[in-house]
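Chemist:
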Amino acid sequence: MGWLHSWLGLLAGLVLTCIFATGTLSVFDTEITHWMQPEIPLTAPPTLTAPALTHAATLLQNDEAKGTFPFLLLPSRRDPVLRVLNYNGHAFIGPALAADGHIFPARQTAGGQFFFNFHFTLYSGVFVGSTLVCLLGLLLLVVAGAGIAIHIKALWPNLVVVRPFAAKPRAWLDAHLLTGVLFFPFLIMITYTGTVILARAIFPTHPFVQHHIATSLPQKSRPRVAPSAKPSPIPPLLPLVEQAKTLLHTSDCRFILFSSTEIQIFENDEDTLFANKSTAIFSRADGHFLRVEEKNSASAQARGLMQGLHFARFSSFLLRWLYFASGLACTTMMAAGLVLFFIKRRKHSSRHIAFRLGEGLTMSTITGLTAATLSYFLANRLLPSTLPARTGPETATFFMVWAFFSVHALLYSLLHRPINGWRIQCLAVVILSLSLPCIDLFTITHDWLNNYGLYCSVYALAFLCATIAFIAHQKLKEKI
Amino acid sequence: MIIWCSVFILWCATFFAHDHLQTHNANIIQKTKYSSFWAQILRGLLPLLALVLSFYKDPGKGILFWLGLGSCTGLSVGIALAYRKRRLS
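If you read the protein sequences in the order shown, they are chains A and B. Residues in the first sequence are numbered consecutively from 1, following this note's numbering. Residues in the second sequence are numbered consecutively from 1, following this note's numbering.
1) Based on Cα-Cα distance, which residue from 83/A, 256/A, 286/A and 114/A lies nearest to residue 27/A?
2) The beta strand (DSSP E) spanning residue 87/A covers which residue range?
3) Using a Cβ-Cβ cut-off of 7 angstroms (strictly less than) and excluding sequence neighbours within five positions of residue 394/A, which residues of its own chain qualify?
4) Touching or not, the stretch 317-329 of chain A and the stretch 269-278 of chain A, by the rule of three or more beta carbon pairs under 8 angstroms?
5) Determine the chain A residues that contact residue 86/B at a beta-carbon separation under 8 angstroms, and present them in chain order.
6) Suppose you measure from the CA of residue 235/A to the CA of residue 58/A; what does that come to, to the nearest Å?
7) Using the C-alpha atoms, what's the distance from residue 62/A back to residue 466/A?
8) Taking the C-alpha atoms as reference points, what is the distance between residue 63/B and residue 51/B?
9) Give the residues from the stretch 324-340 of chain A that approach chain B closer than 7 angstroms (Cβ to any Cβ), ordered along the chain.
10) So, residue 13/B versus residue 48/B, is the Cβ gap smaller than 7 angstroms?
11) Can you tell me whether residue 190/A is helix, strand or coil according to DSSP?
12) Can you give me the C-alpha to C-alpha distance between residue 70/A and residue 90/A, rounded to a whole angstrom?
13) Does the beta-carbon distance from residue 406/A to residue 364/A come in below 7 angstroms?
14) Answer with yes or no whether the minimum CB distance from residue 157/A to chain B is below 7 angstroms.
15) Under DSSP, the beta strand (DSSP E) around residue 281/A begins and ends at which residues?
16) Could you list the residues in the stretch 16-50 of chain B with a C-beta less than 8 angstroms from some C-beta on chain A, going in chain order?
17) Just to make sure I have the definition right: I need the residues of chain B whose C-beta is within less than 8 angstroms of the C-beta of residue 185/A. Which are they?
18) Mind checking who residue 256/A pairs with in its DSSP beta bridge?
19) Is the stretch 457-472 of chain A close to the stretch 117-128 of chain A, with three or more CB pairs under 8 angstroms?
20) In terms of alpha-carbon separation, which member of 357/A, 389/A, 95/A and 438/A lies closest to residue 410/A?
21) Between 4/B, 22/B, 1/B and 33/B, which has its C-alpha nearest residue 157/A's C-alpha?
22) Would you check if there are 3 or more beta carbon pairs closer than 8 angstroms linking the stretch 28-47 of chain A to the stretch 338-353 of chain A?
23) Taking the alpha-carbon of residue 476/A as reference, which of 267/A, 427/A, 441/A and 461/A has the nearest alpha-carbon?
24) Starting from residue 292/A, follow the beta strand (DSSP E) in both directions and report where the run begins and ends.
25) Would residue 71/B be called buried (16 or more neighbouring beta carbons within 10 Å of its own) or exposed?
26) So which residues of chain B does residue 160/A contact, with C-beta pairs closer than 7 angstroms?
27) Take residue 287/A as the anchor and find which of 102/A, 244/A and 311/A has the nearest alpha-carbon.
28) Would you check if the distance between the CB atom of residue 73/B and the CB atom of residue 8/B is smaller than 7 angstroms?
29) Going by other Cβ atoms of all chains shown within 10 Å of its Cβ, with 16 needed for buried, is residue 266/A buried or exposed?
30) Let's test the definition: count the other Cβ atoms within 10 Å of the Cβ of residue 474/A and tell me whether it reaches 16, buried, or not, exposed.
31) Using a Cβ-Cβ distance cut-off of 7 angstroms, determine whether residue 182/A contacts chain B.
32) In chain A, which residues lie with their C-beta within 7 angstroms of the C-beta of residue 60/B?
33) Expressed to the nearest angstrom, what Euclidean distance is found between the alpha-carbon atoms of residue 221/A and residue 292/A?
34) When you compare only the Cα positions, how much space is there between residue 17/A and residue 1/B?
35) How big is the Cα-Cα spacing for residue 53/A and residue 45/A?
36) Please list the partners that residue 4/B has in chain A, where partner means a Cβ-to-Cβ separation under 7 angstroms.
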């Protein structure tokens, strides 16, 4: 079990740490997008108006003419503006509209969507990336099970024991165990639900499911409409949204999808654990009501619960912070496990090239990813806001900084100077973290009275990151 | 918010009681039969009380609050105890 936990943990842990770190940031993907688009005021209550919907429909039809598949994201308490979104292969991007229909002159950015995409595809496409992430999720369940089996005797008495002032291996082991044991329910829940959501990537569909889909879907009985070459114009949307609210017995609708013949309006599921969105479907030609699709079957409810638990799109702010803190703790647990692996083996194996490569990759995962994330935020402020196709340079900054830190980490590790490498990278993280609030304050005019919580949270997290990196830098003066 | 603060405090008391009962504290913290008895009671009952409070509004989200607050409280108490023991020893 010890061998399984150590080696499988090392191999999977390098990527899983990145998956957990970006997943943790994805909890606040909408808020990150808000921070990255400071031109959009978030002070108005979420109101849906006819002028905004009419202008959105025009923009949407223009996009459709270019061969894309845009949709409308309706205002909600969390994101009180109307958005016309397109999928660019990695993120949903598009203009945001005010209540009177004018487009906010906001900078183009992938925002929090970038972290979400990286979390479940590793930015390498849905097929390859999701399959890999799903397999790693399965491995994590095995590694976590093995970890519990190893430490089972000490779990209960050492439930809240941490000795940060003890010798280094002991302190790192305590940090690994404390976070691993206390957040074990969260770790298992989030890994299991994430793996189940992506399970279609690795498990073939059972013949029963295919048969069930073929016999139960209402589309079977519906007359098929030949897809028209050019989609018909969109009827007025506000009456359809009001009708959909009545039909779906909901106070809010979340988004509207368009096909060449139909308009599908989805209910808002922010207030429930189940991410099951019932849909009201209207004819695109004249706007008459076609049908309601409710997802009440047992399998749909189970799937909805898995997605609801994993995506954490709850309206409760405290619950989302708890998800964030738990994700951060699980990331720390994995990072501590990786560091511990190399501390334990440094005495006997530090001359092996595999050891040095492994330590370099660990450095790149922990400090490199942190620096790349901070650079992504900084790039948002430093790149000109009117730069065309801005998402490309922003994302490129993230990967270039990460590549630079990885090369640096591998060089220092291969040259037998890993401690120096760690120290330099920690110092770089301190500088990047502290420069984030400064550059933000100098480049943006803040609407402090109405949105101070968002900016203060980003500054607080940047200072926390700087403090941890500085403590690590100071501690590394002592020999590991 | 009052409910969640109460759940946080109940979890804090539970973890302090749990740590009080462990043998590795014997040379740092003085234990009596009376204090150990109460620590046992608190460790058993307070998480249940916190669970009842969490279930008060919405059982579905309540269980997430209960586990999430429990984990975060455990981490905070662990770090607080480490500093306290360092000062006492």
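Think of the CB as a built atom: it goes at the ideal place given N, C-alpha and C, for glycine as much as any other residue. All values reported here derive from a predicted model rather than from experimental measurement.
Modeler: With the given structure in hand:
1) Restricting attention to 83/A, 256/A, 286/A and 114/A, the CA atom closest to the CA of residue 27/A is found in 114/A.
2) Counting along the chain, residue 87/A sits inside the beta strand (DSSP E) bounded by residues 82-87.
3) Within the same chain, Cβ atoms closer than 7 angstroms to the Cβ of residue 394/A are found at 109, 110, 376, 379, 380 and 383, the five residues on either side in sequence being excluded.
4) With the cut-off at 8 angstroms, the stretch 317-329 of chain A and the stretch 269-278 of chain A do not touch.
5) What residue 86/B touches in chain A: 165.
6) Distance between the alpha carbons of residue 235/A and residue 58/A is about 11 angstroms.
7) Near 46 angstroms, if we compare the C-alpha coordinates of residue 62/A and residue 466/A.
8) In this model, residue 63/B and residue 51/B are separated by some 7 angstroms (Cα to Cα).
9) Within the stretch 324-340 of chain A, contact with chain B at the beta-carbon level (separation under 7 angstroms) is assigned to 325, 326 and 329.
10) Not closer than 7 angstroms, so no.
11) Three-state DSSP puts residue 190/A in a helix.
12) Each residue's Cα considered, the two are about 14 angstroms apart.
13) Less than 7 angstroms separates the beta-carbon of residue 406/A from that of residue 364/A.
14) For residue 157/A, the answer is yes, since a Cβ of chain B falls inside 7 angstroms of its Cβ.
15) Where residue 281/A is concerned, the enclosing beta strand (DSSP E) stretches over 279-283.
16) Identification of residues in the stretch 16-50 of chain B having a C-beta nearer than 8 angstroms to some C-beta of chain A yields 18, 19, 22, 23 and 24, given in sequence order.
17) Contact of residue 185/A with chain B by beta-carbon distance below 8 angstroms involves 67 and 71.
18) Partner(s): 72/A and 265/A.
19) No: fewer than three Cβ pairs fall under 8 angstroms.
20) It is 357/A whose Cα lies nearest to the Cα of residue 410/A.
21) When the alpha-carbon of residue 157/A is set against those of 4/B, 22/B, 1/B and 33/B, the nearest one is in 22/B.
22) No, they do not touch.
23) Taking each of 267/A, 427/A, 441/A and 461/A in turn and checking the Cα distance to residue 476/A, the smallest one comes out for 427/A.
24) 289-293 is the extent of the beta strand (DSSP E) around residue 292/A.
25) Looking at its Cβ environment, which holds 16 or more other Cβ atoms inside 10 Å, residue 71/B is buried.
26) Simply 15, 18, 19, 74, 77, 78 and 81.
27) The shortest C-alpha separation from residue 287/A is found at 244/A.
28) Residue 73/B is a Cβ neighbour of residue 8/B, given a cutoff of 7 angstroms.
29) With 16 or more Cβ atoms within 10 Å of its Cβ, residue 266/A is classed as buried.
30) That one is exposed.
31) Yes, residue 182/A counts as interfacial toward chain B.
32) Going along chain A in sequence order, the residues near residue 60/B (Cβ under 7 angstroms) are 273.
33) Unreliable positioning characterises residue 221/A in this predicted model, as indicated by a pLDDT of 44, which lies under 50. The coordinate reading is nonetheless provided below. Rounded to the nearest whole angstrom, the CA to CA distance from residue 221/A to residue 292/A is 15 angstroms.
34) Residue 17/A and residue 1/B: Cα-Cα distance of roughly 32 angstroms.
35) Taking the straight line from one Cα to the other gives about 16 angstroms.
36) Correct list: 318.
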